[in-house]
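A.B. asks:
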Amino acid sequence: GLDPGEVTMVLQWYDAIVGAVTAITAGHPVRADGRRAFAELRARLLDVAHRGRDGSLLALVATLEELTPDELVSNAGVLLFGGVETTEGMISNALLALLDRPELLAVVRGEPELISSAVEESMRLEPAAAVVDRYATAATSLRGVSIAAGELVRVSIAAANRDPAIFDDPDNFDLYRRNARRHLAFARGPHVCLGIHLARLEAQTAIGQLLVRLSRLRLDPARRAPVRGIVFRKPLSLHALWS
Numbered sequence: 017g018l019d020p021g022e023v024t025m026v027l028q029w030y031d032a033i034v035g036a037v038t039a040i041t042a043g044h045p046v047r048a049d050g051r052r053a054f055a056e057l058r059a060r061l062l063d064v065a066h067r068g069r070d071g072s073l074l075a076l077v078a079t080l081e082e083l084t085p086d087e088l089v090s091n092a093g094v095l096l097f098g099g100v101e102t103t104e105g106m107i108s109n110a111l112l113a114l115l116d117r118p119e120l121l122a123v124v125r126g127e128p129e130l131i132s133s134a135v136e137e138s139m140r141l142e143p144a145a146a147v148v149d150r151y152a153t154a155a156t157s158l159r160g161v162s163i164a165a166g167e168l169v170r171v172s173i174a175a176a177n178r179d180p181a182i183f184d185d186p187d188n189f190d191l192y193r194r195n196a197r198r199h200l201a202f203a204r205g206p207h208v209c210l211g212i213h214l215a216r217l218e219a220q221t222a223i224g225q226l227l228v229r230l231s232r233l234r235l236d237p238a239r240r241a242p243v244r245g246i247v248f249r250k251p252l253s254l255h256a257l258w259s
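So the sequence shown is residues 17 to 259, counted in the working numbering.
#1: If you drop the 5 nearest sequence neighbours on each side, which residues of the same chain put their C-beta closer than 8 Å to that of I246?
#2: Since F183 sits in a beta bridge, which residues does DSSP pair it with?
#3: Among S90, P186 and F248, which has the Cα closest to the Cα of N109?
#4: Pick helix, strand or coil for F248, following the three-state DSSP scheme.
#5: Short check: CB of N265 to CB of R140, under 7 Å?
#6: Who are the Cβ neighbours of T102 in its own chain at under 6 Å, not counting the five residues just before and after it?
#7: Could you name the residues of the same chain whose beta carbon sits closer than 8 Å to that of N91, not counting the 5 residues immediately before and after it, in chain order?
#8: According to DSSP, simplified to helix, strand and coil, what is A201?
#9: Straight-line CA distance for H213 to E142?
#10: Could you tell me the alpha carbon to alpha carbon distance between T153 and G166, rounded to whole angstroms?
#11: Answer with buried or exposed for S133, where buried requires no fewer than 16 other C-beta atoms within 10 angstroms of its C-beta.
#12: Does F54 have its Cβ less than 7 Å from a Cβ in chain B?
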């Protein structure tokens, strides 16, 4: 429902909101630019939804009147994060994982069918969304810790993905790991990622094309950037060389 010319503006809002979410998770107050960006994004989304332009999904949901305005904006925001943040993080993290392990990169170049395995193993070791928030629907106890109904529960996907009870040698990047797809990077059950198949295809295509088009692709040793972030994790930049 948004015009193509609005992409830059939406991405600016998005960057500010990501920064605010990261700050909140680290225990800092909500940043002013994040609060302002969310207010502007909310107003724009509701405007598009209620004008019913272009038969967009937002307009359809608004017409059905099954979601409140807050729920509509919240769901649109989740789709925005999934379409941008986690996709670019997934591709960047997978590419960095291979470039940082030249011996595995050589294997993947020789056996392109292993690209999908490399993407899955990268998502297991370094999920683009490492932490998710959930709210307890009822009072319960977990490992001796009492959780009240409605209480915020912060779940570490990154930790679950390295569970030694599920994954042998969990800290090792293994291209031949048979159960790599048991990772929780896309979540499970009612919260499973709607774009799971598209995301996998995007990552496999992006990395496959890079390896085909850029021979001797390698990290720039003078400008290495580690994966950073608490909630959303990726390198802030990825400098590479090729010839």
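For glycine and all other residues, C-beta sits at the position ideal for the given N, C-alpha and C. These numbers were taken from a predicted model, which means no experiment stands behind them.
C.D. replies: A quick look at the data gives this:
#1: T38, T41, A42, A146 and V147
#2: DSSP output for F183 lists no bridge partner at all.
#3: F248
#4: strand
#5: The structure shown does not extend to residue 265, since the chain spans only 17 to 259, so no value can be given for it.
#6: A144 and A145
#7: V77 and L83
#8: coil
#9: 19 Å
#10: 6 Å
#11: buried
#12: Although the question refers to chain B, the structure presented lacks it and comprises just one protein chain.
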